[in-house]
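Input: a single structure, listed below in structure tokens.
Protein chains: 2
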Amino acid sequence: MKIKDDIREIKLEDLKADEFIKQKVREISSAVGNGIAVNALSGGVDSSTVTLLAHRALGDRLKTYFIENGLMREGEPQRVVSFFRKLGIKVELFDARKEFFNALKGLTDPEEKREAITQTFYKNVFGRLVKESGAEFLLHGTIYTDVEETLAGVKRQHNILEQLGIDTKKAFGYKVIEPLVELRKPAVRKVAKALGLPEEVYNRPPFPGPALAARVIGEVTPERIETVRKATKIVEDESSGSGAFQYLAILHADMVTGMREGKRDYGHQIEVRCWDSKDAVTGEPTRLPHDIMERLADRITSEMPQVVSVTYNITRKPPSTIEAV
Amino acid sequence: MKIKDDIREIKLEDLKADEFIKQKVREISSAVGNGIAVNALSGGVDSSTVTLLAHRALGDRLKTYFIENGLMREGEPQRVVSFFRKLGIKVELFDARKEFFNALKGLTDPEEKREAITQTFYKNVFGRLVKESGAEFLLHGTIYTDVEETLAGVKRQHNILEQLGIDTKKAFGYKVIEPLVELRKPAVRKVAKALGLPEEVYNRPPFPGPALAARVIGEVTPERIETVRKATKIVEDESSGSGAFQYLAILHADMVTGMREGKRDYGHQIEVRCWDSKDAVTGEPTRLPHDIMERLADRITSEMPQVVSVTYNITRKPPSTIEAV
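Read top to bottom, the protein sequences are chains Z and A.
Start counting the first sequence at 1; every next residue gets the next number (my numbering).
Start counting the second sequence at 1001; every next residue gets the next number (my numbering).
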């Protein structure tokens, strides 16, 4: 397994998915040897692909955890776990909602929120599970864009500690293996498809590491996560046919004036972002038809009375980013 | 002049503008007698119409002030004053920027901000000017929609104290005359046109009483007003041909992630709202073409580097309101 400073991208047009899979399975086998490896599955295309590759390489010597951090989309933990169980891959669901919400309490600064989630995930929850498992190897779904953006200082990714010069062996007690680090998202999707994952997985819109916490401006509480979770469901329902690269709902901290039952009433604002993009490095707002945008706003404000205003992002990346937090 | 509890609307189709003008000129003359009246001109269609009606009735016995509160649009104070001077109506420009920004310092609650502006306008600035002028009568551009929304509790308007049961004679030292209180906006525009005001005045999009302060979420400072002022200019430039009833830019308090020169950078968010509406009571977001929305975002983020994100409102009124604060 190559974890080195000058990672070379394998471009989509150069990728032979079947050969890539064989090679990665070999590399994982040889790195782990007779040891035990663990990984955390989030249900996204990256971690799903890593889980399948590692399961092919290691069989039951791979321990896969789904950590329920309370920040996932509606029904996601159960859906992901049961999907992989059907493939014969045992995934253990670990409920860590209390740990995460406690760590997030009172934090409004985006960096502090990310840091709290990272630390809770690695040190408190996953680190403990890894130690208890006796594994020495952690498989991780880092992709090329993560490395690039982190090195450029655009985004702090919590999953490429090694690239940032952090000795993960020392810091967290395990060694990181990143089988997808040479690929951008479209190439990962190609590998996922070749592994036999269904379209709902390999074409799933990207979902950020800190999950719905990345979509809450201001303090992250169970109530505020529930608000953005419902809005996310509506946006995903209505936008899934749009061909957009990614679509998301953001709960703002700013309260705005609205009207309910003829009376003035303060309420929340939800921002919808839909992106056209190849690789998340640059992006343009999807030109959603106006009737879809208006239906989104109608549904969000009628199904969620605490929301009185819905906006649509019209800014490119750059100067915007895909996510807001 | 009728200032009574049960104001009857004169509907657009029933309005005979020339007769209405004659009647209001007569009513103002008879109410003021040989006295002196004052009014504050903001440059909007309502206060411009009141100024012309009262000038016809009273000539030089009308004293008109333009109060520069620092919250107006770019170049507006000078433009308005010189326009009325050309019509032979002397308007006195009074610089009260310090008073307003001092009163707004540290306030983030929308009601407190409105109250600070109202109190500064009436008690500190205009009240003082009125007292010094020796006038007993204040002419005011209240319209029917203001009364309706205030009585319904939707909006607190600062300019219809009388309707709210406040004794303005006692509270502020003058008597209020409201010649437009039976009209909704389209009827006011018809009267303005009949008075010979140019289209840029009678078709001017409505502008809220607290001016750009109503378009700043969070604290109102000279810097934040300057940000929303520039964005407003861009939105008005690009949307003026859209046929929208009203178009506006709002500066959010929430900071969002963006990218500048390849690096992650927090920045401001501007929300654009364009409304299709007949009377501001209900409204729908204007279906601006996507290329116009994108040009708006491109111009705002390139001309204002502190802004990294621009959104477009897609919510109806209700449950939204026209303005956000």
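In this text, a Cβ means the ideal position worked out from N, Cα and C, and glycines have one as well.
Owing to the predicted nature of the structure, the values given are computational and were not obtained by experimental measurement.
What does residue 1290(A) reach in chain Z if we use C-beta pairs closer than 7 Å?
287
Just checking: is the beta-carbon of residue 323(Z) within a distance shorter than 8 Å of some beta-carbon in chain A?
yes
Could you tell me how far apart the beta carbons of residue 1210(A) and residue 1273(A) are, in whole angstroms, since I believe they sit closer than 8 Å?
Rounded, the Cβ-Cβ distance is 16 Å, inconsistent with contact.
Residue of 82(Z), 54(Z), 53(Z) and 97(Z) minimising C-alpha distance to residue 67(Z)
97(Z)
List the residues of chain Z that residue 1296(A) touches, going by C-beta distances under 9 Å, in chain order.
314
Could you spell out the range, first to last residue, of the alpha helix (DSSP H) harbouring residue 1111(A)?
1110-1119
I'd like to confirm something about residue 1035(A): is its beta-carbon nearer than 7 Å to some heavy atom of the ligand SAH, or not?
With respect to small molecules bound, the structure shown includes none, and the ligand SAH cannot be examined in it.
What are the start and end residues of each continuous beta strand (DSSP E) run of 3 or more residues lying completely inside the region 1164-1236 of chain A, in chain order?
1175-1177
Close beta carbons around residue 1224(A), own chain, < 8 Å, minus the five adjacent residues each side
1216, 1218 and 1251
Just checking, does the region 1038-1050 of chain A make contact with the region 1074-1085 of chain A on the three C-beta pairs under 8 Å criterion?
yes
Presumed contact (8 Å Cβ cut-off) between residue 222(Z) and residue 33(Z), rounded CB distance:
At roughly 43 Å, the Cβ-Cβ gap does not stay under 8 Å, so residue 222(Z) and residue 33(Z) are not in contact.
Distance check for residue 1013(A) and residue 261(Z), CA to CA, integer angstroms please.
29 Å
According to DSSP, simplified to helix, strand and coil, what is residue 1268(A)?
strand
Beta-carbon neighbours of residue 224(Z), restricted to chain A and to distances below 8 Å
Within chain A, no residue comes near residue 224(Z); the closest Cβ sits about 13 Å away, beyond 8 Å.
Rounded to the nearest angstrom, what separates residue 235(Z) and residue 205(Z) at their Cα positions?
12 Å
Nearest chain A C-beta to residue 253(Z) closer than 8 Å, yes or no?
yes
Pair every Cβ in the region 129-137 of chain Z with every Cβ in the region 232-246 of chain Z, then say whether three or more of these pairs are closer than 8 Å.
no
Closest Cβ-Cβ distance between residue 210(Z) and chain A: below 8 Å?
no
So, at 7 Å on beta carbons, what are the nonlocal neighbours of residue 304(Z) in its own chain, with the 5 sequence-adjacent residues on each side left out?
227, 230 and 231
Answer with yes or no whether the minimum CB distance from residue 1117(A) to chain Z is below 8 Å.
no
So the candidates are 64(Z), 325(Z), 60(Z) and 53(Z); which of them puts its Cα closest to the Cα of residue 213(Z)?
325(Z)
With which residues is residue 285(Z) paired in a DSSP beta bridge?
275(Z)
Output, in chain order, the set of chain Z residues within a Cβ distance shorter than 8 Å of residue 1038(A).
Residues of chain Z passing the Cβ test: none, with the nearest at roughly 31 Å.
For a contact meaning CB atoms closer than 8 Å, what does residue 99(Z) contact in chain A?
Near residue 99(Z) there are no residues of chain A at all, since even the closest Cβ is about 25 Å away, more than 8 Å.
Residues of chain Z with CB under 8 Å from residue 1259(A), in chain order?
154, 317, 318, 319, 320 and 321
For the region 1039-1120 of chain A, list the beta strand (DSSP E) runs that are entirely contained and at least 3 residues long, ordered along the chain.
1062-1068 and 1091-1095
Under the rule that 16 or more other beta-carbon atoms within 10 Å means buried, what is residue 19(Z), buried or exposed?
exposed
Burial state of residue 285(Z) (16 or more Cβ within 10 Å)
buried
Three-state class that DSSP yields for residue 31(Z) in the structure shown:
helix
Secondary structure at residue 1128(A), three-state DSSP: helix, strand or coil?
helix
For the structure I just gave you, are there three or more beta carbon pairs, one from the region 1180-1189 of chain A and one from the region 1142-1149 of chain A, closer than 8 Å?
yes
Collapsed DSSP secondary structure at residue 137(Z) in the structure displayed
strand
Report the residues of the region 1004-1018 of chain A with a CB closer than 8 Å to any CB of chain Z, ordered along the chain.
none
Can you name, in chain order, every residue of its own chain whose Cβ lies under 6 Å from the Cβ of residue 1256(A), other than the five neighbours on each side?
1269 and 1309
Compare the C-beta of residue 1256(A) against all C-beta atoms of chain D and say whether one is closer than 8 Å.
Included in the structure are the protein chains Z and A, with no chain D among them.
Short CB-CB distance (under 8 Å) between residue 228(Z) and chain A
no
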